[in-house]
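Residues are numbered in our numbering as their position in the sequence shown, beginning at 1, plus a constant of 1.
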Amino acid sequence: MAACTVESGLVRGGRTGGESLRFDIATIGCTGGKRYLGFTKEAPPNFEHFRSCGITGVLERERYKKSPELVKEYETRSPSFTAPSRHIVFKRWDRVGDADAPQVAIFFASPDVLSGLFTPASFDEADLNAVYCPFCAGCGSIVKYPFLEKDALHPRAVLGMFDVSARPFVPGSTLSFAVLMNKFVAMIDNMDESFLTTRSWKAVRRRMG
2 MAACTVESGL
12 VRGGRTGGES
22 LRFDIATIGC
32 TGGKRYLGFT
42 KEAPPNFEHF
52 RSCGITGVLE
62 RERYKKSPEL
72 VKEYETRSPS
82 FTAPSRHIVF
92 KRWDRVGDAD
102 APQVAIFFAS
112 PDVLSGLFTP
122 ASFDEADLNA
132 VYCPFCAGCG
142 SIVKYPFLEK
152 DALHPRAVLG
162 MFDVSARPFV
172 PGSTLSFAVL
182 MNKFVAMIDN
192 MDESFLTTRS
202 WKAVRRRMG
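If you want it as structure tokens, here you go:
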């Protein structure tokens, strides 16, 4: 199995000193990673077969969609994304400096921790889908889809890392939560008014240790 550069690199970096990581089209080995980080729009040959039923004796299959036709329709419906820069840089929160301008906050977390992010993302919204979960690759859920919210009046957070191909490269109890920085700042500003001050949340925190 080819290494999932973004997921394994981010999780490993976060746990081994928090070193910053920079990727471009040349340093990402995964074709999907290049697409979902916006460095190319080209899909590999026979992608619709790879994502679905494969080609016997020729092409391995993921079986994530029922048929090649369904993959083609999915691709047609998927919004386009172009990287805003030649590089993408990931920094752990405590490594972000005054000169940095982070655009997305990304969390790899357990369900209990995620509950403390999911609910604040909806705290000042009436929308039932202030947090949503698109079917996509793991890197799509932490880069592509959060970035696509940048022009929205009410940007949504993205719950992800359900991609079976990416799962082996993150801890078993971990999912991802990604949100635009301006939305995350609003979440922080609302903390003292929210459930985070209640007995209910204290009970969850005790379980988290």
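Yeah, the Cβ is synthetic: ideal placement off N, Cα and C, and Gly gets one too.
query = Counting only runs that start and end within the segment 20-82, where is the alpha helix (DSSP H) found for 4 or more residues in a row?
reply = Counting only runs of 4 or more, we get 32-37, 48-52 and 69-78.
ask   = What does S177 pair with, by DSSP beta-bridge criteria?
value = Numbered from its first residue, the sequence shown carries residue 177 at position 176. Looking at the DSSP assignment, S177 forms a beta bridge with F109 and G161.
query = Candidates D125, P103 and E76: which alpha carbon is nearest P45's?
reply = As a first step, residue 45 is located in the sequence shown; it is residue number 44 there, counting from the start. Nearest option by C-alpha distance: E76.
inquiry  = For V97 and L11, what's the separation of their Cα atoms in angstroms?
reply    = Counting from 1 along the sequence shown, the entry for residue 97 is found at position 96. Counting from 1 along the sequence shown, the entry for residue 11 is found at position 10. Taking the straight line joining both Cα atoms gives about 15 Å.
query = What's the C-alpha gap between G55 and S166?
reply = By 1-based counting over the sequence shown, the position of residue 55 is 54. By 1-based counting over the sequence shown, the position of residue 166 is 165. The straight-line gap from Cα to Cα measures roughly 16 Å.
query = Opposite Y146 in the DSSP bridges: which residues?
reply = Here residue 146 refers to the residue found at position 145 when the sequence shown is read from its first residue. The partner list for Y146 (beta bridge, DSSP) is empty, contrary to what the question assumes.
message = Please identify the residue among G33, F40 and G19 whose C-alpha is closest to the C-alpha of I26.
response = Counted from its first residue, the sequence shown places residue 26 at position 25. Out of G33, F40 and G19, the CA that lies nearest to the CA of I26 is found in F40.
inquiry  = Report the CB separation of E63 from R52 in whole angstroms; it is logged as a contact under 8 Å.
reply    = Your numbering for residue 63 matches position 62 in the sequence shown. Your numbering for residue 52 matches position 51 in the sequence shown. 5 Å between Cβ atoms; contact.
task = Go ahead and pull the three-state DSSP assignment for F136.
result = Locating residue 136 in the sequence shown gives position 135, where the first residue counts as 1. Residue state, collapsed to three classes: coil.
query = For E194, does the three-state DSSP call read helix, strand or coil?
reply = For the purposes of this step, residue 194 is taken as residue 193 along the sequence shown, with counting starting at 1. Helix at E194.
request  = Kindly list the residues whose CB is nearer than 8 Å to the CB of L160, restricted to its own chain and excluding five residues on each side of it in sequence; keep chain order.
outcome  = Looking up residue 160 in the sequence shown gives position 159. The beta carbon of L160 sits closer than 8 Å to the beta carbons of L115, F119, V132, Y133, C134, S142, L176, S177 and F178 from its chain, once the five residues preceding and following it are set aside; these are given in chain order.
message = Using CA atoms only, rank isn't needed, just tell me which of A102, R23, L197 and R36 is closest to F82.
response = Residue numbering aside, residue 82 sits at position 81 when the sequence shown is read from its first letter. Selected option, being the one with the closest Cα: R36.
query = Can you name, in chain order, every residue of its own chain whose Cβ lies under 6 Å from the Cβ of V90, other than the five neighbours on each side?
reply = To locate residue 90, count along the sequence shown from 1; it is residue 89. Scanning its chain for C-beta atoms nearer than 6 Å, with the 5 sequence neighbours on each side dropped, one finds around V90 the residues R23, in chain order.
ask   = Going by other Cβ atoms of all chains shown within 10 Å of its Cβ, with 16 needed for buried, is M209 buried or exposed?
value = Taking the sequence shown and counting its residues from 1, one reaches residue 209 at position 208. When all chains shown are included, M209 counts as exposed.
message = Pop quiz: E49 and P69 are said to be a contact at Cβ under 8 Å. What is the actual Cβ separation, rounded to whole angstroms?
response = Residue 49 sits at position 48 when you count from the first residue of the sequence shown. Residue 69 sits at position 68 when you count from the first residue of the sequence shown. Right, the Cβ-Cβ distance comes to about 4 Å (below 8 Å), so this counts as a contact.
Enclosing alpha helix (DSSP H) for V205 [first to last residue] = Taking the sequence shown and counting its residues from 1, one reaches residue 205 at position 204. For V205, the enclosing alpha helix (DSSP H) stretches over residues R200 to M209.
ask   = Going straight from the alpha carbon of V72 to that of G33, what length do you get?
value = Taking the first residue of the sequence shown as 1, we reach residue 72 at position 71. Taking the first residue of the sequence shown as 1, we reach residue 33 at position 32. Going by the C-alpha atoms only, they are around 14 Å apart.
query = How close, in whole Å, do the beta carbons of M188 and A122 come, if the pair is a contact with beta carbons under 8 Å?
reply = Taking the sequence shown and counting its residues from 1, one reaches residue 188 at position 187. Taking the sequence shown and counting its residues from 1, one reaches residue 122 at position 121. With 8 Å as the limit, M188 and A122 qualify as a contact, their Cβ atoms being about 6 Å apart.
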